[in-house]
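Read the structure below first, then the notes.
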Amino acid sequence: MALDRQQLQSIIKEFTVDAEQLREIAANFRQDLKLGLNDPKDSSLRMLRSYVGLPTGKETGEYLALDFGGTNVRVSRIKLQGAGRFEVTKKVGKPLIVPGEYDYVGVGSTSDQMFDFLAELIDEAIDKDHDTKFFLGHTFSFPSTQTDLYNAKLIIWTKEFATSGVEGEVVNDLLTEALKRRGIENIEPISVINDTVAVLLSAAYQKSDTYIGSIYATGQNNCYVESTINDPNNVGVGGMILNLESGGFMKLTPNRFDIEFDQSSEKPGEQRMEKMVSGRYMGELFGMALAELFNEEGEKYNFTSIDISSILMDDSVDGDRIAAIIKDKVNKDVDSEDAKKIKELAAAIVIRSARLVTASFVGIIWHRTGSGKINRQHIAVDGSVYEKMPLVKENINRALNELLGEEAKNIDTILDNGGSGLGAAISAAMAANHADK
Ligand code: BGC
């Protein structure tokens, strides 16, 4: 069957953010930052305090880093050597779900099961050495309220996690108890940070002029250093990093696919921006729109953002790869013309995502800069969507140019691969140094 060109155009239009809307979103983001600094209740951004500022780059010592926040959990041993140098001396990792075997994140899973699994992985990372003392830095990539660098309570699960008994709890207490249950007394969890904060710490450890950290992966979120916050519990220099939980940003206009998807999600009404931009959700939106094009509205097509990426990577004339994916996922035969249309739909969803994320970056840059000139700076980004999804980087650059004109040349986004682990180790070093004083 041939897909209807007009219907496609009208769906693509619904996924389009034009120049004017882009500017308005960036301005609203900036406004929400300002409101949130006065009182987070007035903003759709949670603006969570991390109790950590920037590292000096001189942090040293060997630490354990637990990176927990997506479908894979990783534990590393990292030797910080100062001067921005480090060495990963051990790394282990496991998925939180193996279909048919176990699932620590779905409905029915419990906190004890999840944290016992983490403790087991930590045990593997230390080669079951229950004597040598280690401080552990924990990158926990969910919205948490903190009172200091250790004490972080999960506010609410995101990314469709549903494990019971963790919301409202101090996550490092749950971890410490699980370690004890396993007979591990020599590991002391000493810090908890969001993954955006980890990426910023990791990039800033190695490169100066970095004040914004971002994750663009299964979830999407940004943090930045707010120079005006002074707090006796804050560790580090330059101010305090705020975890914006920008996935919760609300001043956007969701289209009917966004609205319908939100209604069917694990947490309706929450994480509205994240549901429009992140890797966890782009495949779902694509599937909903495609079902409509195939006149099967409401049908649940099971696409992931990896499928979107493969579709966008098919540069062949006949669209063989696209046809194979469509056949595999929805058992339909498409010709080369249809394959082209399907690729246009995938592109529209990805381009919207990159433009919205860029608007949030620019909102932060405008907030930090005030009325002055934008200084040369890097935005540290980690995550598979940023790293691997076609069209993302070029559309970030395009949107930066649209919003900042000449000054866009002062901003570059840099990939900080592995920053979640390194950042956790740096935060542990910063917490340990602070405790020594
Ligand atoms: C979480 C954030 C996290 C982001 C990226 C979101 O779902 O709420 O805390 O930084 O995902 O992992």
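Adding 181 to a residue's 1-based position in the sequence shown gives its number in my numbering. Ideal Cβ positions, reconstructed from N, Cα and C, are used throughout, including at glycine.
DSSP has Ser552 in a bridge; who is on the other side? Bridge partners of Ser552: none, in fact.
Helix, strand or coil: which one does DSSP assign to Glu301? Residue state, collapsed to three classes: helix.
Relative to the ligand BGC, is the shortest distance from any of its heavy atoms to the C-beta of Gly274 smaller than 7 Å? No, Cβ of Gly274 sits at least 7 Å from all heavy atoms of the ligand BGC.
If you draw a straight line from the alpha carbon of Ala580 to that of Arg536, how long is it in whole angstroms? Computed Cα separation, rounded: 6 Å.
Spatial distance of Met421 from Asn375 (CA atoms): 13 Å
At 3 residues or longer, and completely inside the segment 251-292: list those beta strand (DSSP E) runs for me, N to C. 253-263 and 266-276
Between the Cα of Tyr567 and those of Lys481, Ser459 and Ala612, spot the shortest distance and give me the residue it belongs to. Ser459
Check: Asp376 C-beta below 7 Å from any heavy atom of the ligand BGC: yes
Alpha-carbon to alpha-carbon, Asp443 and Pro449: 5 Å
Straight-line CA distance for Ile336 to Thr326? 7 Å
Taking the alpha-carbon of Gly479 as reference, which of Ser445, Arg204 and Gln452 has the nearest alpha-carbon? Ser445
For Thr339 and Gly400, the rounded distance between their alpha carbons: 8 Å
Can you give me the C-alpha to C-alpha distance between Ala527 and Met295, rounded to a whole angstrom? 35 Å
I believe Cys153 touches Thr377 by the beta-carbon criterion, under 8 Å. Please report the beta-carbon distance rounded to the nearest angstrom. Missing from the structure shown is residue 153; the chain here goes from 182 to 618 and no further.
Thinking just about the alpha-carbon of each residue, which of Glu447, Asp439 and Gln452 is nearest to the one in Met469? Asp439
Are the CB atoms of Val273 and Ala306 nearer to each other than 8 Å? Result yes, Cβ atoms of Val273 and Ala306 sit closer than 8 Å.
For Lys524, is the classification buried or exposed, using 16 other Cβ atoms within 10 angstroms of its Cβ as the cut-off for buried? buried
Please check the pair Ala333 and Val288, which I expect to be a contact at CB under 8 Å, by giving their CB distance rounded to whole angstroms. Their Cβ separation, rounded to whole angstroms, is 24 Å, which puts Ala333 and Val288 out of contact at 8 Å.
From Tyr283, Ile365, Leu277 and Lys260, residue whose alpha carbon lies closest to that of Ile303: Ile365
Asn353 Cβ short of 7 Å to the ligand BGC heavy atom set: Result no, Cβ not under 7 Å from the ligand BGC.
To which residues of the same chain is Asn598 closer than 8 Å at the C-beta, ignoring the five residues directly before and after it? Asp563 and Glu568
Indicate the three-state DSSP secondary structure (helix, strand or coil) for Phe315 in the structure shown. The answer is strand: DSSP assigns Phe315 an E or B state.
Continuous alpha helix (DSSP H) stretch holding Lys194: start and end: Arg186 to Glu195
Using 8 Å as the threshold, is the segment 355-369 in touch with the segment 384-391, meaning 3 or more CB pairs across them? no
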